[in-house]
Amino acid sequence: MIVYDKNLLDNLSLVEEANSLHSGGFISKEQKDLIKKQLPAFKRQSNILVRLGFFLLGSFLYSSICSVISLVGLSSERIFFEICCFIFAIIGFAGAEFLTKQNYYEHGLDDAFILGAILNVGFAIGITTEGYEIVIAFFVAIASFIAYKRYLHLLSMLIFCISVSAFLFYGMFEFGDIGKAILPFVAMLFAAGFYFFTKKLINNLTQSYYYKGLLWANSFCLILFYLSCNYLVVRELSVLLLGNEVLPGTDIPFAFFFYAFTFIVPAVYLVQALRTKDRIMLWLSFLAIAFSIFTIRFYYSVLPVEIALTVGGLVLFAVAYFSIRKLKDNEVGLTFKPDRINTSNSLLNAEALIVASTFGMKPEVKTDSPMEFGGGGFSGGGSEGSF
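Going by our numbering, the sequence shown opens with residue 3, and the numbers climb by one from there.
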């Protein structure tokens, strides 16, 4: 299914490992550059600004091709309007195929054609079905999943997660007010199930090429799980979807559950992240805690804004200061010391392993010296006067 040469993907993994080892101080810059020079590589842009520039250039090229075809098909009017987006989607996938065959990977040009193809699939289905959301979400999910499986395009995985969630939401809308009322609980269960499913796939992964995409999907599940039953989200959606006006002195149904969920889940994320040393979950727990505070602050103003910000800043400063004091001398576990490398304990001999496996270097052969030493009468000091 993957369109790229597996050898180039393996080389990319080796180069990324070499960069990691160089950042950790295990190999020198000369050794890192030597590894990069010896390994065939993709046409790839690691600089996000340069990649964005190529994306804009690719978008201009893609739109120019579609514009030329539109000029040719203007005479058909209505018929062309109904099929034009299908044609544009085919052009996008064809352009992506051409660029990937030329070994463009995470370059910017390929991003433009892949994302453009997925976008035009959504437009094409929208025109055909007159904007039927659930069908649009279904086909966009299929297109984005195929794009990720074939091109290993991470943004396509993100689009897949969003479109699958949209498919679930619009599917619940089909059940009317009952579906809208139980939507938070269904979304919560869906996110939990999808999280453990992706976690199992990561643990049993045999092809490392899909690791980053699965990690994105796994992180998306954590975000969806928290937002599904966050009090602010549920309350505002109940007003928007069900038209339930929350009068003074009243609250939404199951309010205590949503209040508890809003504060318990970030705490669980934080504890689990510290226990498993999961950096992504740790950052998400911080964001969830901040959003939980904002949720309560949105409805209940205990202090004026300027005083609340000042007190909050002092509390965060105190927590950060004492955490640094506590952790700065830790050598293992949770520490404030710079992270030389994520899994340094398993890479003690990584320099020799990478260089030897990459360049086929053989162990040094010990040769006998032509000069014979010893013979001394006093502990081998050479006092006999001979060599």
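Where is the CB? At the ideal position from N, CA and C, for every residue including glycine.
Just so it is clear, the structure is predicted and the values come from calculations on it, not from any experiment.
Express the C-alpha separation of Lys34 and Ser25 in angstroms, rounding to a whole number.
-> The residue you call residue 25 lines up with position 23 of the sequence shown. The residue you call residue 34 lines up with position 32 of the sequence shown. In a straight line, the C-alpha of Ser25 is about 10 angstroms away from that of Lys34.
In chain order, which continuous runs of the alpha helix (DSSP H) of length 4 or greater are located wholly inside the segment 226 to 272?
-> 233 to 244
The segment 260 to 267 in contact with the segment 218 to 235 per 3-pair CB rule at 8 angstroms | yes
Can you tell me which of the three DSSP states Lys45 falls into?
-> As a first step, residue 45 must be located in the sequence shown, where it is residue number 43. The answer is strand: DSSP assigns Lys45 an E or B state.
For Tyr106, which three-state DSSP category applies?
-> Here residue 106 refers to the residue found at position 104 when the sequence shown is read from its first residue. Tyr106 falls in the strand class under three-state DSSP.
DSSP three-state assignment for Gly178, whether helix, strand or coil | In the sequence shown, residue 178 corresponds to position 176, counting from 1. It is coil, neither helix nor strand.
Cys163 vs Phe222 beta-carbon contact at 8 angstroms = Residue mapping note: residue 163 aligns to position 161 of the sequence shown, counting from 1. Residue mapping note: residue 222 aligns to position 220 of the sequence shown, counting from 1. In this structure, Phe222 lies closer than 8 angstroms to Cys163 by Cβ.
Ile254 and Arg237 look like a contact to me (Cβ under 8 angstroms); what is the Cβ gap, rounded to whole Å?
-> Within the sequence shown, the letter at position 252 stands for residue 254. Within the sequence shown, the letter at position 235 stands for residue 237. That belief holds up - the Cβ atoms of Ile254 and Arg237 are roughly 5 angstroms apart, short of 8 angstroms.
Cβ-Cβ distance between Asp112 and Leu101 below 8 angstroms | Looking up residue 112 in the sequence shown gives position 110. Looking up residue 101 in the sequence shown gives position 99. Taking 8 angstroms as the Cβ cut-off, Asp112 and Leu101 qualify as a contacting pair.
What residue from Leu160, Ile71, Arg152 and Ile148 has the CA that sits closest to Leu1's CA?
-> Any question about residue 1 goes unanswered here, given that the chain covers just 3 to 389.
Given 8 angstroms, three or more beta-carbon pairs between the segment 169 to 188 and the segment 243 to 252 = yes
Do the segment 53 to 68 and the segment 88 to 104 make contact, defined as three or more Cβ pairs closer than 8 angstroms?
-> yes
Nearest-angstrom Cα distance between Tyr107 and Leu316?
-> Looking up residue 107 in the sequence shown gives position 105. Looking up residue 316 in the sequence shown gives position 314. For Tyr107 and Leu316, the distance between alpha carbons rounds to 46 angstroms.
Sequence-distant residues of the same chain with beta carbon closer than 8 angstroms to Ala20, five excluded per side | In the sequence shown, the residue the question calls residue 20 occupies position 18. Excluding positions up to five away in sequence, the list reads Ile29, Gln33, Lys34, Ile37, Lys38 and Ile356.
Taking just the CA atoms, how far does Val5 sit from Lys103?
-> Here residue 103 is taken as the residue at index 101 of the sequence shown, counted from 1. Here residue 5 is taken as the residue at index 3 of the sequence shown, counted from 1. Their backbone Cα atoms lie some 8 angstroms apart in a straight line.
Please work out which residues of its chain come closer than 6 angstroms, Cβ to Cβ, to Glu247, disregarding the five sequence neighbours upstream and downstream, and give them in chain order.
-> Walking along the sequence shown from the start, residue 247 turns up at place 245. Excluding positions up to five away in sequence, the list is empty.
Taking only the alpha-carbon atoms, compute the straight-line gap between Arg327 and Leu318 and give it to the nearest angstrom.
-> Here residue 327 is taken as the residue at index 325 of the sequence shown, counted from 1. Here residue 318 is taken as the residue at index 316 of the sequence shown, counted from 1. One C-alpha to the other measures close to 14 angstroms.
Beta-carbon separation of Cys87 and Ser72 under 8 angstroms?
-> Translated into positions along the sequence shown, residue 87 becomes position 85. Translated into positions along the sequence shown, residue 72 becomes position 70. Cβ atoms of Cys87 and Ser72: not closer than 8 angstroms.
For Leu58, the nearest candidate out of Phe115, Leu76, Thr264 and Glu135 (CA to CA) = In the sequence shown, residue 58 corresponds to position 56, counting from 1. Checked all of Phe115, Leu76, Thr264 and Glu135; the closest Cα to Leu58 is Phe115.
Cβ pair Glu110, Gln209 closer than 8 angstroms | Your numbering for residue 110 matches position 108 in the sequence shown. Your numbering for residue 209 matches position 207 in the sequence shown. Looking at the sequence provided, one finds Gly at residue 110 rather than Glu. Their beta carbons are not under 8 angstroms apart, which means Gly110 does not touch Gln209 by this criterion.
DSSP three-state call for Met3: helix, strand or coil?
-> Position 1 of the sequence shown, counted from the start, is the residue given in the question as residue 3. In this structure, Met3 counts as coil in the three-state DSSP scheme.
Determine the direct distance from the alpha carbon of Ser158 to that of Arg53, and round the result to whole angstroms.
-> Taking the first residue of the sequence shown as position 1, residue 53 is located at position 51. Taking the first residue of the sequence shown as position 1, residue 158 is located at position 156. Between Arg53 and Ser158, the C-alpha separation is close to 16 angstroms.
Close Cβ partners of Glu135 (< 6 angstroms) along its chain, the five nearest in sequence each way excluded = Taking the first residue of the sequence shown as position 1, residue 135 is located at position 133. Within the same chain, Glu135 has close Cβ partners Tyr172.
Beta-carbon separation of Ala139 and Val123 under 8 angstroms?
-> Within the sequence shown, residue 139 is the residue found at index 137, counting from 1. Within the sequence shown, residue 123 is the residue found at index 121, counting from 1. Taking 8 angstroms as the Cβ cut-off, Ala139 and Val123 do not qualify as a contacting pair.
Determine the closest residue to Ser167 out of Val188, Leu156 and Tyr153, with distance taken between C-alpha atoms.
-> Along the sequence shown, one-based indexing puts residue 167 at 165. The candidate whose alpha carbon is nearest that of Ser167 is Val188.
Give every residue of the same chain whose Cβ lies closer than 7 angstroms to the Cβ of Ala194, excluding the five residues on either side of it in the sequence, and list them in chain order.
-> As a position in the sequence shown, residue 194 is number 192, starting the count at 1. Excluding sequence neighbours, Ala194 sits near Phe227.
Compare the C-alpha of Pro42 against each of Ile129, Leu276, Asn105 and Val321 and name the closest.
-> Taking the first residue of the sequence shown as position 1, residue 42 is located at position 40. Nearest option by C-alpha distance: Asn105.
What do you get for Pro186, buried or exposed, if any count of 16 or more other CB atoms within 10 angstroms of its CB means buried?
-> To locate residue 186, count along the sequence shown from 1; it is residue 184. Buried, by the Cβ-count rule.
According to DSSP, is Phe125 helix, strand or coil?
-> By one-based count along the sequence shown, residue 125 stands at place 123. Phe125: helix per DSSP, three-state reduction.
Range of the contiguous alpha helix (DSSP H) that encloses Gln40 | Here the question's residue 40 lines up with position 38 in the sequence shown. Residues Lys31 to Gln40.
Shortest alpha-carbon distance to Phe196 belongs to which of Ile89, Gln40, Ile309 and Leu170?
-> One-based indexing of the sequence shown puts residue 196 at position 194. Checking every option, the nearest Cα to that of Phe196 belongs to Leu170.
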